[in-house]
Amino acid sequence: MKKVISISLGSDKRDHRVQTEFLGEKFIIERKGTNGDQKRAAQLFTELDGQYDAFGMGGIDLSIQVGNSSYKFRDAQKLIKNVKKTPVVDGSGLKNTLERLTVEYIEDELDIKLAKKKVLITSAMDRFGMAETFYQRNADVICGDLIFGLGVPIRIKSLKALKIIASILAPIVTKLPFELVYPTGHKQDEVNQNINKYKKYYDEADIIAGDFHYIKAYLPEKINDKIILTNTTTSSDLNKLKNRGAKALITTTPNLNGRTFGTNVMEALLITLIDKNPAQITSDDFLKILDKLNFEPNYIYFKSRKDDNNG
């Protein structure tokens, strides 16, 4: 039996453990949050090294990948400095393949026309593949990296601008304490006192996409008829979206026992199925294994789809 675990800087309230099967292989898939405690996370990576087939790193990215440029997070590298045996992934390889496929699936299989659809991506530097595919499908995209990441109310409206801004900010941001740019630990569960701070950006969008912690941090009381495209959600998250009027939820990773795991733990699962050194795994390798698994995004429709092509 294969074992994979996501060690996360996020809240332990989202911890989960399931046993499942892929391609005839039995798996135990776990998620363990450390409530923002980096020392505890580093300790777990060190103690569990060699006891699992793969680690997922949650609540923090190993690096930012924008186009052909990569920028490593200093805090993330510190967490795994003592890991010698178990491969560590953060989901970026899967994001660059599965999330591109998901955007294509929305239009090609669900027949939701993306041309001129208004799309808000809360953090496109973290999901460059998703952002690029929306642009390729002629969606009207707003990248909210400056808004949600730094609190600067400036919309990024093109891939060219995103790359330029990334080349300036990423070398600086990746050296900062990670909690300054992303909610960790119990901050992920806190209700922001000023939920209307970014309401206008949500109101403008037909599709709200990206990391769910960013999406929910300032989620307005009403998101009527919005389509939410994200990854890690719980039953509580689903209820929140439904109660606030969302039309549909699309998650790029499958539902396992009532919740979706992050791309980091799903990537950890996939690299154990690919007969290759993890450092040599390519996007094509991920595409081939996803095809074998018949991986499909998880779709939950809260309302009728009859107006999807018009609104």
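Just so you know, we're using my numbering here: the sequence shown kicks off at -19 and counts up by one. Glycine included, every Cβ here is placed at the ideal spot set by N, Cα and C.
The beta carbon of Gly39 lies closer than 6 Å to those of Ser(-12), Leu(-11), Gly(-10) and Thr164 in the same chain, with the five residues before and after it left out. Within the same chain, Lys(-18) and Thr0 come within 6 Å of Phe7 by CB-CB distance, once the 5 residues on both sides are set aside. Less than 8 Å separates the beta-carbon of Thr231 from that of Pro277. Between the alpha carbons of Ser138 and Lys64 lies a distance of about 40 Å.
Taking C-beta atoms as the reference points, Leu270 and Thr77 count as a pair closer than 8 Å.
Rounded to whole angstroms, the gap between the alpha carbons of Arg11 and Gly225 is 29 Å.
Spanning the alpha carbons of Glu5 and Thr213 requires a straight line of approximately 25 Å. Here Glu5 is bridged, per DSSP, to Phe2. The secondary-structure analysis by DSSP pairs Met(-19) with nothing; it has no beta-bridge partner.
One alpha carbon belongs to Ala21, the other to Lys220, and they sit about 29 Å apart. With a threshold of 16 other beta carbon atoms within 10 Å, Ile188 meets it and is buried.
For Asp120, the pairing in a beta bridge is given by DSSP as Lys98. Scanning the segment 176 to 259 for uninterrupted alpha helix (DSSP H) segments of 4 residues or longer gives 179 to 184, 192 to 197, 215 to 223 and 243 to 253, listed from N- to C-terminal end.
Taken through DSSP and simplified to helix, strand or coil, Glu276 comes out as coil. Tyr85 carries a helical assignment under DSSP once its states are collapsed to helix, strand and coil. If you ignore the 5 residues before and after Ile175, its C-beta comes within less than 8 Å of the C-beta of Tyr198, Leu199, Pro200 and Glu201, all in its own chain and listed in chain order. Between the segment 130 to 145 and the segment 104 to 112, the count of Cβ pairs shorter than 8 Å is three or higher; the stretches touch. DSSP lists no bridge partner for Tyr32.
In this structure, the alpha-carbon of Lys96 lies about 12 Å from that of Glu87. Listed in chain order, the non-local C-beta contacts of Ala185 below 6 Å within the same chain comprise Lys98 and Leu100, local neighbours out to five positions each way being set aside. Distance from the CA of Val83 to the CA of Lys140, rounded to the nearest whole angstrom, comes to 20 Å.
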